[in-house]
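Chains as they are written, first to last, in numbering that gives the first Met the number 0: chain W, 0 to 322; chain L, 0 to 322.
From the three backbone atoms N, C-alpha and C, an ideal C-beta is built for every residue, glycine too.
Number of protein chains: 2
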Amino acid sequence: MRLCTRDNGTRDGQLCVASPDGTRLRTVPGVPTLQRLLDDWDTLLPAAQAAAEGPFDEPLDPARLLSPLPRAYAWMDGSAYINHIVLVRKARNAEPPATLRTDPLVYQGGSDAFLAPTEPIPLEDEAFGCDFESEVAVITGDVPQGVSKERALDYVRLVPPVNDVPLRNLIPDELAKGFGFFVSKPSSAFSPLALTPDELGHAWSDGRVHLPLRTHLNGALFGDPNAGPEMHFSFADLIAHCARTRPLRAGTIVGSGTVSNVDRSRGSSCLAEKRMLEVIDTGKATTPFLRVGDRVRITMEAPDGRDLFGAIDQVVARYVRPA
Amino acid sequence: MRLCTRDNGTRDGQLCVASPDGTRLRTVPGVPTLQRLLDDWDTLLPAAQAAAEGPFDEPLDPARLLSPLPRAYAWMDGSAYINHIVLVRKARNAEPPATLRTDPLVYQGGSDAFLAPTEPIPLEDEAFGCDFESEVAVITGDVPQGVSKERALDYVRLVPPVNDVPLRNLIPDELAKGFGFFVSKPSSAFSPLALTPDELGHAWSDGRVHLPLRTHLNGALFGDPNAGPEMHFSFADLIAHCARTRPLRAGTIVGSGTVSNVDRSRGSSCLAEKRMLEVIDTGKATTPFLRVGDRVRITMEAPDGRDLFGAIDQVVARYVRPA
Chain W
0 MRLCTRDNGT RDGQLCVASP DGTRLRTVPG VPTLQRLLDD WDTLLPAAQA AAEGPFDEPL
60 DPARLLSPLP RAYAWMDGSA YINHIVLVRK ARNAEPPATL RTDPLVYQGG SDAFLAPTEP
120 IPLEDEAFGC DFESEVAVIT GDVPQGVSKE RALDYVRLVP PVNDVPLRNL IPDELAKGFG
180 FFVSKPSSAF SPLALTPDEL GHAWSDGRVH LPLRTHLNGA LFGDPNAGPE MHFSFADLIA
240 HCARTRPLRA GTIVGSGTVS NVDRSRGSSC LAEKRMLEVI DTGKATTPFL RVGDRVRITM
300 EAPDGRDLFG AIDQVVARYV RPA
Chain L
0 MRLCTRDNGT RDGQLCVASP DGTRLRTVPG VPTLQRLLDD WDTLLPAAQA AAEGPFDEPL
60 DPARLLSPLP RAYAWMDGSA YINHIVLVRK ARNAEPPATL RTDPLVYQGG SDAFLAPTEP
120 IPLEDEAFGC DFESEVAVIT GDVPQGVSKE RALDYVRLVP PVNDVPLRNL IPDELAKGFG
180 FFVSKPSSAF SPLALTPDEL GHAWSDGRVH LPLRTHLNGA LFGDPNAGPE MHFSFADLIA
240 HCARTRPLRA GTIVGSGTVS NVDRSRGSSC LAEKRMLEVI DTGKATTPFL RVGDRVRITM
300 EAPDGRDLFG AIDQVVARYV RPA
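Rendered as structure tokens:
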């Protein structure tokens, strides 16, 4: 199933099912929102599956789609690609944690106000060092406290990519306070479509999405690293970590962290990595952080070239504080 | 108004209004949940206010009340009492941050699965070092990104105390990873009643609650520090900080951090402070962290002795992981 949420003027939008080619959609009778479907998955799934048979009576307008969950009860973002951790820590003169390969890095992110996939990134000050982070995420059902890695994937309901926006120049001072990210991680945006794992076929394997995640910056390919093999901690590892001391409730979103490959020819999924590679090569970062008007596009395609999730396609816009 | 949420078998419970003496309640016609009221506050407030006139047709059974928001879209917990920060950092041999008095400490906490006010704290292992933290919190409406401190209090809708449960022995390793608290901060519980600020009279002043917050441990008074004068950052400061780079959506909960006074005769609002004072005085902490069966009770009374929020009253229970 390919699920999406259409803006209908409400806070949670209208749940819709998209056609296999992603050009048309329809609503699901009796299931107004995606959160409602997740809250009562076993009971309501048949209605969604029936709707997914079509007919798809309306065209899908990407500009009207919100993030699949416009607001969520939990957004837990991991950092599961070792190559990314090593490069960004080097960029801010910080050591990788001693438990780099044994204990997942996860932070709790803001989930009350996600941006729509085509909504501008509201930036007050370019000096904040605005970046993008192209990631993959999963949306879970109710996960019991202390779930094992072996059972964790049973609770994966949907997969959407995400653009997790960091404000790089606010991070060092914030992390120095010891409480983790907060103002340095403003609202994220998710792909228009969230897919059940079966839609990914063999690409969903070992709790990983074995497909390239493609990022374009201002129309030029910036990177297309594969999200699969170098994801050191799988989604099973991440979910088990997140649920170690508390349950996760339906609609919890768990992120992979910035997708990153050691092979430099695959490019990067954030500016910070590219800048660090420039420092390593030339002593100086020359790629700037995002400026007002810059455009980031994140997509993922099936091996046969079919677009899977629609595009996260965001322009950076100047934000002016209220008086 | 004194609002609460009764367990009716749904995830969000049933919004109710409590009588002035806190012994009876009634539902609000047309407003099923507290989140719904917060989502459309201006429109639905008259219905809630009308219900608050009574009659209160049912007895209030504390055992049936959930946290006012059983799940919320955002829980942002500050640490606004300098005395607490200094003591707990000393306890883990960490320096207070350089910006202790100028930049609020806030972390994003888990908000998808709050405990009910009388629900046991599910603890897998006493070696985790389970503690309590008695705090005050506010629940906001929609706060615009970049709101000023001068306007921030306009968005405060409700005040509930909270027990923010930390697992002290998991904190050092987790903070060493640099991403802040996660597994070391499991589910919090809120007071049965959330009050509109006007219910606090003069005690709600300067964005602070100027009343003692009373904690009992196993039936004995553990502390009753005043939540007002020593709250270095007010809720206006905390909300403005939280909204610096993103908006806050209706139902966001912002916490004060552990209430703490320099005057030792007021006791403490967490075990970690008491243990640190023991180390300072005798070289050794003798008060243990919470054990299975221990009971924590958190209340706040008006100057005339009236109970304001009902009691957070939790027993620590052994949690067994699923197979």
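- For E272 (chain L), the enclosing alpha helix (DSSP H) covers residues L270 to T281.
- With 16 or more other CB atoms across the displayed protein chains lying within 10 angstroms of its CB, G206 (chain W) is buried.
- With fewer than 16 other Cβ atoms inside 10 Å of its own Cβ, R100 (chain L) counts as exposed.
- In this structure, the CA atom of A322 (chain L) is about 11 Å from the CA atom of P143 (chain W).
- Taking C-beta separations shorter than 6 Å and ignoring five residues to either side along the sequence, the partners of V291 (chain L) in its chain run V315 and R317, following chain order.
- Excluding the 5 residues flanking it on each side, R274 (chain W) has same chain C-beta neighbours closer than 6 Å at A284 and T286, in chain order.
- Taking CB atoms only, L114 (chain W) has no neighbour in chain L less than 7 Å away.
- Exclusion of the five residues before and after S183 (chain W) leaves P165, L166, L169, I170 and E173 as the residues of its chain whose Cβ lies within less than 7 Å of its Cβ.
- Within chain L, the residues whose beta carbon sits less than 9 Å from that of A93 (chain W) are G177, listed in sequence order.
- As computed with DSSP, T98 (chain W) is found in no beta bridge at all.
- Contact with chain W is found for D38 (chain L), since one of that chain's Cβ atoms lies less than 7 Å from the residue's Cβ.
- Residues of the region 18 to 32 of chain L with a C-beta less than 7 Å from any C-beta of chain W: none at all.
- Any Cβ of chain L closer than 7 Å to the Cβ of S186 (chain W) would place that residue at the interface, and such an atom is present.
- The alpha helix (DSSP H) runs lying completely inside the region 31 to 75 of chain L and spanning 4 residues or more are 33 to 38 and 40 to 50, given in chain order.
- Here P103 (chain L) is buried: its Cβ has 16 or more other Cβ atoms, across all protein chains shown, within 10 Å.
- Closer than 8 Å at the C-beta level to chain W, one finds these residues of the region 117 to 143 of chain L: P121, E123, F127 and P143.
- Per DSSP, H231 (chain L) lies in no alpha helix (DSSP H) segment and is marked neither H nor E.
- Note that the C-beta distance between A51 (chain W) and V16 (chain W) is below 7 Å.
- Judged by DSSP in its simplified three-state form, V291 (chain W) adopts coil rather than helix or strand.
- Across the set L:T26, L:P160, L:E125 and L:T42, the C-alpha of L:P160 shows the shortest separation from the C-alpha of L307 (chain L).
- In this structure, the straight-line span from the alpha carbon of R25 (chain W) to that of R63 (chain W) is close to 13 Å.
- Within the region 121 to 209 of chain W, the alpha helix (DSSP H) runs of at least 4 residues that lie entirely inside it are, in chain order, 148 to 151 and 170 to 175.
- Classified as buried, A239 (chain L) has 16 or more neighbouring CB atoms from the shown chains inside 10 Å of its CB.
- Three or more beta-carbon pairs separated by less than 8 Å are not found between the region 80 to 90 of chain W and the region 205 to 220 of chain L, which leaves the two stretches without contact.
- If you draw a straight line from the Cα of H209 (chain W) to the Cα of R156 (chain W), it comes to about 17 Å.
- Burial state of E132 (chain L) is buried, judged by a 10 Å Cβ sphere holding 16 or more other Cβ atoms.
- When Cβ-Cβ separations below 7 Å define contact, G254 (chain L) makes no contact with chain W.
- No Cβ of chain L is located within less than 7 Å of the beta carbon of T4 (chain W).
- Counting only the Cα atoms, A242 (chain W) lies some 30 Å from D141 (chain L).
- Following the DSSP letters along the chain, one finds R1 (chain W) inside the beta strand (DSSP E) bounded by residues R1 to R5.
- Within chain L, the residues placing a beta-carbon under 9 Å from that of S110 (chain W) are Y72, A73, Q107, S110 and D111, ordered along the chain.
- Secondary structure note for R88 (chain W): it is in no beta strand (DSSP E), and the uninterrupted alpha helix (DSSP H) holding it is I81 to A90.
- Closest by C-alpha distance to K176 (chain L), out of W:V146, W:A226, W:R150 and W:G77, is W:G77.
- Neighbours of L86 (chain W) in chain L, taken as residues whose beta carbon is under 9 Å from its own, are absent, since the nearest beta carbon is some 15 Å off.
- Taking 8 Å as the upper bound for CB-CB distance, P116 (chain W) and A301 (chain W) are not in contact here, some 19 Å apart.
- Taking the Cα positions, L44 (chain L) is about 11 Å away from G29 (chain L).
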